[in-house]
Amino acid sequence: MTVSGWLTILLFVAVLCATAVPLGTYMAAVYSGRRTWLDPVLDPLEHIIYRALGVDAEGGQDWKGYARSLIFFSLVGWLMLYVLIRTQGLWNWTGLNTQSFHAMPANVAFNTVSSFITNTNWQYYSGETTVSYFSQMVGLAVQNFASAAVGMVVAVALIRAIASRSGTSLGNFYVDLVRTILRVLLPLSIVVAVLLMSQGVIQNFHAYVSVRGLTGLVQMIAQGPVASQEAIKELGTNGGGFFNVNSAHPFENPTAFSNFVEMLAVLLIPAALVFTFGRLVGSRRQGLAVFSTMMVLFLGAVVVAYVAESHGSPAQHAAGLHTAYRNGAGGNLEGKEQRFGIASSVLFNVVTTVTSCGAVNSALESYTGIGAAVPFANMSASETIFGGVGSGLYSILLYVLLAVFIGGLMVGRTPEYIGKKIEAREIKLVAIGLLLTPLAALFTTALATASRAGRASVDTAVTGSGPQGFSETFYAYLSQANNNGSAFAGYSGLVQPQPGNLGAHGITFADLTGGLSMLFARFTPILFVLAVAGALVSKRVAPVGLGTMRTDNATFVVLLIGIIVLVGALTFFPALLLGPLVQGLTGHLYG
Amino acid sequence: MRSLPKDLATAVLAMVVLTVICGVLYPLAITGIGQVAFHANADGQLVSVHGHLVGSRLIGQNFADPELRDGAPVLHAGQPVTTPDPRYFQTRPSGTTPADNAAATTFANLGPNSTVTLRAIQTNIAAYITLNGRYVPGGLTAGEVPVDAADTSASGIDPDISPANAEMQAYRIAAVRHLRLGTVRHLIRTYTGGRGLGVLGEPSVNVLELNLALDRISH
Chain A
6 MTVSGWLTIL LFVAVLCATA VPLGTYMAAV YSGRRTWLDP VLDPLEHIIY RALGVDAEGG
66 QDWKGYARSL IFFSLVGWLM LYVLIRTQGL WNWTGLNTQS FHAMPANVAF NTVSSFITNT
126 NWQYYSGETT VSYFSQMVGL AVQNFASAAV GMVVAVALIR AIASRSGTSL GNFYVDLVRT
186 ILRVLLPLSI VVAVLLMSQG VIQNFHAYVS VRGLTGLVQM IAQGPVASQE AIKELGTNGG
246 GFFNVNSAHP FENPTAFSNF VEMLAVLLIP AALVFTFGRL VGSRRQGLAV FSTMMVLFLG
306 AVVVAYVAES HGSPAQHAAG LHTAYRNGAG GNLEGKEQRF GIASSVLFNV VTTVTSCGAV
366 NSALESYTGI GAAVPFANMS ASETIFGGVG SGLYSILLYV LLAVFIGGLM VGRTPEYIGK
426 KIEAREIKLV AIGLLLTPLA ALFTTALATA SRAGRASVDT AVTGSGPQGF SETFYAYLSQ
486 ANNNGSAFAG YSGLVQPQPG NLGAHGITFA DLTGGLSMLF ARFTPILFVL AVAGALVSKR
546 VAPVGLGTMR TDNATFVVLL IGIIVLVGAL TFFPALLLGP LVQGLTGHLY G
Chain B
99 MRSLPKDLAT AVLAMVVLTV ICGVLYPLAI TGIGQVAFHA NADGQLVSVH GHLVGSRLIG
159 QNFADPELRD GAPVLHAGQP VTTPDPRYFQ TRPSGTTPAD NAAATTFANL GPNSTVTLRA
219 IQTNIAAYIT LNGRYVPGGL TAGEVPVDAA DTSASGIDPD ISPANAEMQA YRIAAVRHLR
279 LGTVRHLIRT YTGGRGLGVL GEPSVNVLEL NLALDRISH
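Protein sequences, first through last, are from chains A and B. Residues 6 to 596 (this note's numbering) make up the first sequence, in order. Residues 99 to 317 (this note's numbering) make up the second sequence, in order.
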């Protein structure tokens, strides 16, 4: 551990708070239709789009109408992306398939498309050997915008339901979607992309460059329109790397400063949405309470992981390495880049696993047992620690309702949240909604561990020996069910004998199980959230009285943290024990 | 309730509009900005010497010579076997095939509690000591090998090494190139990037730039 490492963490938290508050205020204006500085340009454009789509911009939708539009939009997005990915070769006339890659196999395409539609961006494929610039830019990156916006509008619908005074309208899905993309995601993406290019992220359409190095060895260097995709990959908490090694690749993340920008881009919208929530429900203290809960859990995760990775791994110590920090190097640098070192690697990976981003700038598979237990724990908290854009906020709001209910039972008061009574119907929907994701994660992990087909994805000879093999499998299905997308990358679903997909085939079990799990764990909770919104929207607001349990003070924050930790621990502890914890606690070498 | 065809039509149109805006106009605009404002960066900071491309400042390179037997390169599993060129600073161990493959990056995925990892680290330490040990005053033990020289990088194409690693290799470079140690150390300091904003990341030495500078002052 170093002083500058701790300062990196402090600086990050400070800049995050300083940027999230104004963005939260701005988004509150966007979603309540108040004036913003982009109006003169975007108002006319939006009206043209609404007219083209045949959308009545003034007409609201109840929860069923909102859900129906969302499902149709996602379904059509899925089909279009699948066709585009599978017909990769047909688009060569655009000149954007410089390496003449063939389309990926059908089962891998199923997994990939489901992954990008659900904001997961789990990748069994490797970007620079599988996907053309065209597929990346016109296919995958478009879903980076669309799937992020879908998450955000669901959160907004839930906020409106809590804030609503009358009626059944949650807003209009297409209006919210278009405004999210044009007024939030696109402007921020342009800013982030320019910042990243200033640091050295590439943006071109050249064919891969062949160079003859100083000793005469030939090196082929991949190219591509990276910066535009990198920006939305972080901002939309998508996380799907342009290149196989994601944000560890110097062309995706060339400097420690670009790393800082990327981390900020990941957490910015999830953090800001909490302040948007506070503003829209008319009580900034309510937003602050939720934000405090997230921040406490986040800082805990960062500290544990930083200490663990600085200490080094059992394999390093057995080899006789001294892992104490010395002139630029120290700790567990296996699978980490020199320019980031321990602090910026650990912080990045905590940022991207508390959110549903799942980008990585270092190899999670090579983290120490305890260091890797942190991303496991982050995902076990089901996206409540900031979480994905939108999905983080609606997930933690479900936990808030649960906490209100349990708190109400404990003190014998009618459970109420911001004036809305929480009754049997809501709490049933909340409880089921919260259990769907863990169910998908544990069920698929069990299936993959117990079946020969599931074990085919584990390379027992190299990466997956001993408990690591279980960690790999568990991480794969936990990550996909939580729509996170980060990976213990030893777990494979695509066998690619050579770049370009000639002779490549997928591992059907891993591709299909993962794909179905992602779809299930994205869209069923969304339906439950919208149903909760539908139940809350028309409830009369009860005035705050002496009997009201407060949800904007430290006591409630502690209760909320307790419930999140308890639910996560009760659900996942046995599985965590078998994988990362046994490795982190024993220091034994396997294989 | 709206009709099914109308819902589908709206969804299709919305996807088409979004594809045009986010999938075509946006990346083209960013490409325009990048090519004009950050031209060298946008093209990957490629470096030419005497009109020939020799690499990218951002991409690690394997500074090694192919092993020859009877004039032909020796192959192992279809890849040429190479030995580190002692005249050049060496980059970090790479998990790609072949090493530093910038067209197919991959993590090494070596687990923390694995004997496979132990053997890989031991191999890297042994190679480092073989290359540098005899030049370092007092010899070199495993405990003195900088961690970044023993651990595989994440990308497999890490362009940087730690200052500790560069200082250790400086003895060899000075001896093999018949340079004063002070000269080599001065070059290392010149090509060491500090922490971002003074605190972010780690000080790192760009190996390609350092080796190019070495070639400019000696052969």
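Glycine included, C-beta positions come from ideal geometry on N, C-alpha and C.
DSSP lists no beta-bridge partner residue for residue 344 of chain A. Positions of the alpha helix (DSSP H) runs, each at least 4 residues long and wholly inside the region 89 to 162 of chain A, are given as 111 to 122 and 132 to 135 in order along the chain.
For residue 233 of chain A, a Cβ of chain B is located within less than 8 Å of the residue's own Cβ. Chain B has a Cβ within less than 8 Å of the Cβ of residue 596 of chain A.
Annotation: Cβ neighbours of residue 223 of chain B in chain A (cutoff 9 Å, chain order): 324, 325 and 326.
The beta-carbon of residue 299 of chain A is placed no less than 8 Å from the nearest beta-carbon of chain B. The beta carbons of residue 444 of chain A and residue 68 of chain A sit no closer together than 8 Å. In the structure shown, residue 273 of chain A adopts helical secondary structure according to DSSP, grouped into three states. Contacts with chain B (Cβ-Cβ distance below 9 Å) from the region 372 to 385 of chain A involve 372, 373, 374, 376 and 377, listed in chain order. By a beta-carbon distance limit of 8 Å, residue 306 of chain A contacts residue 383 of chain A. Their separation comes to about 6 Å. Separation of residue 227 of chain A and residue 557 of chain A (C-alpha to C-alpha, rounded to the nearest whole angstrom) is 51 Å.
Under the 8 Å Cβ criterion, the region 354 to 367 of chain A counts as touching the region 231 to 244 of chain A, having at least three qualifying pairs. With a threshold of 16 other beta carbon atoms within 10 Å, residue 301 of chain B meets it and is buried. Under the 8 Å criterion on CB atoms, residue 404 of chain A is classed as non-interfacial with respect to chain B. Annotation for residue 118 of chain A: 83, 86, 87 and 90 place their beta carbon closer than 7 Å to its own, counting only its chain and skipping 5 residues before and after. A residue is called buried once 16 or more other Cβ atoms fall within 10 Å of its Cβ, and residue 50 of chain A, having fewer, is exposed. By the rule that beta-carbons nearer than 8 Å mark a contact, residue 139 of chain B touches chain A. For the C-beta of residue 338 of chain A, the chain B residues within less than 7 Å are, from N- to C-terminus, 245, 246 and 249.
Take residue 205 of chain A, set aside five residues on each side of it, and the residues of its chain with a beta-carbon closer than 6 Å to its own are 259, in chain order.
For the region 119 to 130 of chain B, the residues whose beta carbon sits under 8 Å from a beta carbon of chain A are, in order, 119, 120, 121, 122, 124, 125, 127, 128 and 129. The alpha carbon of residue 215 of chain B has as its nearest neighbour, out of A:451, A:474 and A:371, the alpha carbon of A:371.
For residue 226 of chain A, the enclosing beta strand (DSSP E) stretches over residues 223 to 226. The shortest CA-to-CA distance from residue 256 of chain B to any of B:153, B:172 and B:192 is the one to B:192. Sequence-ordered contacts of the region 212 to 236 of chain B with chain A read 212, 213, 214, 215, 216, 219, 220 and 223 [C-beta pairs closer than 7 Å].
Taking the C-beta atoms as reference points, residue 492 of chain A is found no nearer than 8 Å to residue 509 of chain A. Runs of the alpha helix (DSSP H) lying entirely within the region 16 to 58 of chain A and spanning at least 4 residues, in chain order: 44 to 58. It is roughly 18 Å from the alpha-carbon of residue 292 of chain B to the alpha-carbon of residue 244 of chain B.
Taking 8 Å as the cut-off, the beta carbon of residue 350 of chain A is found closer than this to the beta carbon of residue 366 of chain A. Close to chain A, meaning a Cβ-Cβ distance shorter than 9 Å, are the following residues of the region 257 to 286 of chain B: 257, 258, 259, 260, 261, 262, 263, 264 and 265. Nearest in C-alpha terms to residue 220 of chain A, of all of B:194, B:160 and B:141, is B:160.
Straight across, the Cα-Cα distance linking residue 64 of chain A with residue 177 of chain A is about 7 Å. Within the region 118 to 181 of chain B, the runs of alpha helix (DSSP H) that reach at least 4 residues and sit entirely inside it are, in chain order, 124 to 135 and 137 to 140.
Chain order gives no chain A residues near residue 316 of chain B, where near means a beta carbon separation below 7 Å; the closest approach is about 13 Å. Within chain B, the residues 113 have their CB atoms less than 7 Å from the CB of residue 82 of chain A, given in chain order. Distance from the CA of residue 295 of chain B to the CA of residue 133 of chain B, rounded to the nearest whole angstrom, comes to 26 Å. Pairing residue 7 of chain A with residue 312 of chain A, the inter-Cα distance amounts to about 10 Å.
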